[in-house]
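Residue numbers (full-length UniProt numbering): 1 to 303.
In this text, a Cβ means the ideal position worked out from N, Cα and C, and glycines have one as well.
Contents: one structure, followed by commentary.
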Amino acid sequence: MPWKHWNSDRIGVALAVLAAFGFSFKAIFVKLAYAAAPVDAVTLLSLRMVFSLPAFLWIGFTAGNAAPLTRRDWSTLVVLGVLGYYASSMLDFLGLQYISAGLERLILFTYPTLTVLIGVLFMGQSLEKRQVGALLLSYAGIGLAFAHDLQLGGDVATLLTGAAFVFGSALTYAIYSAGAEPAIRRLGSARFAALAMLVSTTATQLHFFATQPLSALVQPLPIYLYGAAMALFSTVLPILWQSAAIRRIGAARSVLIGTLGPVLTIFFSWWLLQEPVSAAQLAGAGLVLAGVLLVSRSKRKPA
1 MPWKHWNSDR IGVALAVLAA FGFSFKAIFV KLAYAAAPVD AVTLLSLRMV FSLPAFLWIG
61 FTAGNAAPLT RRDWSTLVVL GVLGYYASSM LDFLGLQYIS AGLERLILFT YPTLTVLIGV
121 LFMGQSLEKR QVGALLLSYA GIGLAFAHDL QLGGDVATLL TGAAFVFGSA LTYAIYSAGA
181 EPAIRRLGSA RFAALAMLVS TTATQLHFFA TQPLSALVQP LPIYLYGAAM ALFSTVLPIL
241 WQSAAIRRIG AARSVLIGTL GPVLTIFFSW WLLQEPVSAA QLAGAGLVLA GVLLVSRSKR
301 KPA
């Protein structure tokens with residue numbers, strides 16, 4: 001392998017690891033913010049989006065693809081922006097009020113299998129045996145992780161409420177993932193992400209002003225710091241790192257490296273949040289990751 005290509009490959013792997021690290025830390029920031037002050041999910045998400053907005057506006061204005069937007073483009077952006085960045089994030093933030101960060105990340109990481117199911121149910125795709133196996137592995141892992149939280153004395157109704165919110169987050173993100181590919185091909189990944197973030201920020205602020213008083217934005221300093229950290233280290237930078245990694249090592253390898261995310265979240269929730277870790281939770285994480293790896297494998301084409 002030529003030195004230049006090998007060096008680019010190493011950089012790509014490092015960027016993919018950094019992206020997985022950043023995305024996995026989002027739940028940690030949310031949990032830390034909830035512990036620091038009685039902030040609600042709507043306000044916390046509003047701060048995250050506002051702090052992220054300048055970076056994505058800059059990305060959108062400097063993106064090279066300047067094709068004019070059609071009415072259909074705007075309709076697609078509105079639907080996907082609301083689903084992918086607003087609804088999914090809101091449901092995730094709500095779920096983290098009820099369940100551990102480790103369980104949240106495992107449930108959220110089922111979105112690749114949900115994307116497969118969406119393709120089967122609504123896009124005429126067939127369900128392969130390996131995909132059935134991936135579904136069984138992933139949801140068996142969720143069951144083990146759920147049992148782990150239940151053994152710690154968690155209330156069943158509370159855990160089910162939190163799990164339902166986070167599963168809704170995974171489902172809306174899966175719908176977003178299934179619909180985003182053609183829009184990204186037309187607009188480019190940077191421009192699409194920037195415009196979708198603009199739509200999401202608008203939806204978030206409308207939600208905030210419709211349900212919260214303006215005084216809710218007055219928060220203790222730690223809440224602002226966690227909101228800014230979440231925007232920078234768990235939103236803007238991971239998206240840029242992931243895009244750069246995909247350019248160097250391809251989407252398939254980037255997705256595989258991204259499976260580090262749940263493991264990292266479990267580790268940091270144990271280290272920073274003092275959430276206990278059990279063999280059942282680790283086994284559940286292993287099953288979920290095995291399911292994601294299985295469903296992410298490309299079907300081998302005949303020679």
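8 Å contact criterion, which residue i and residue j should meet: CB distance rounded
i	j	result
S199	V277	Going by the sequence as given, residue 199 is Val instead of Ser. Going by Cβ atoms, the distance from V199 to V277 rounds to 38 Å, so no, they are not a contact pair.
L45	A33	Their Cβ separation, rounded to whole angstroms, is 11 Å, which puts L45 and A33 out of contact at 8 Å.
G60	A194	3 Å
D73	L103	Going by Cβ atoms, the distance from D73 to L103 rounds to 37 Å, so no, they are not a contact pair.
A101	G291	Wrong, their Cβ atoms sit about 20 Å apart, outside the cutoff.
A245	A16	4 Å
L18	W241	5 Å
R48	L294	In fact, because the Cβ distance is near 32 Å, the residues do not count as touching under 8 Å.
S243	A190	7 Å
Sequence-distant residues of its chain with Cβ nearer than 7 Å to residue i (five each side left out)
i	result
K301	Here the model assigns K301 a pLDDT of 43, short of 50, so the residue's position is not dependable, and the following value carries that caveat. Here the set comprises nothing.
S177	Y111 and T115
A147	A280
Y86	S200, A203 and T204
A216	T43
H207	V42
F29	Y226, A229, M230 and S234
I239	A193
A55	V236
G12	A245, R248 and I249
T259	L289, V292 and L293
Rounded separation between residue i and residue j - CA only
i	j	result
Q125	G119	5 Å
G162	Y98	5 Å
L264	S24	6 Å
F21	E275	18 Å
M197	S89	12 Å
Y224	V50	11 Å
S169	D92	5 Å
L144	L152	13 Å
V39	A180	32 Å
M1	F267	Low confidence applies here, because M1 scores a pLDDT of 48, under 50, leaving its location unreliable; read the following figure in that light. Computed Cα separation, rounded: 35 Å.
A174	G95	17 Å
A27	G261	11 Å
residue 312	R248	The displayed coordinates of the chain run from 1 to 303. Any statement about residue 312 would go beyond what the structure contains.
V166	W270	20 Å
V79	T172	11 Å
A157	K31	20 Å
A14	A210	42 Å
A283	T70	48 Å
W3	F122	Note that W3 has pLDDT 47, beneath the 50 cutoff, so the model's placement of it is unreliable and the number below is only indicative. So the two alpha carbons sit approximately 46 Å from each other.
L77	I257	28 Å
R186	L127	28 Å
L108	L232	21 Å
A303	L289	Because the pLDDT of A303 is 38, which lies under 50, any placement of that residue in the model is unreliable, and the question is left without a value.
S75	G84	14 Å
L272	P222	16 Å
V218	Q212	12 Å
T113	A164	16 Å
L159	V132	26 Å
P7	L214	Here residue 7 is Asn; the residue named in the question, Pro, does not match the sequence. Taking the straight line joining both Cα atoms gives about 50 Å.
D155	P68	52 Å
6 Å CB neighbourhood of residue i in its chain, flanking five on each side removed
i	result
F287	In the sequence as presented, Phe is not what sits at residue 287; that position holds Leu. Counting only Cβ-Cβ distances below 6 Å, and skipping sequence neighbours, we find L137, A140 and G141.
residue 348	No information on residue 348 is available, as it lies outside the stretch 1 to 303 that the chain covers here.
L117	none
T62	none
P220	A37
Neighbour flag for residue i against chain D, beta carbons, 8 Å
i	result
A290	Structure shown: chain D not included; a single protein chain is present.
Sequence-distant residues of the same chain with beta carbon closer than 8 Å to residue i, five excluded per side
i	result
A285	G102, L106, G141, A145, P262, V263 and I266
For the UniProt domain "EamA" (161-296), list the alpha helix (DSSP H) runs that are entirely contained and at least 4 residues long, ordered along the chain. You should have 189-211, 221-231, 237-249, 251-258, 260-272 and 279-296.
Considering only residues of the stretch 25-88, which uninterrupted alpha helix (DSSP H) runs meet the minimum length of 4 residues and lie entirely inside it, listed in chain order? If we require 4 residues or more, the alpha helix (DSSP H) runs fully inside the stretch 25-88 come out as 26-36, 41-62 and 71-81.
Give the list of continuous alpha helix (DSSP H) stretches no shorter than 4 residues that lie fully inside the stretch 109-133. The qualifying runs are 111-122.
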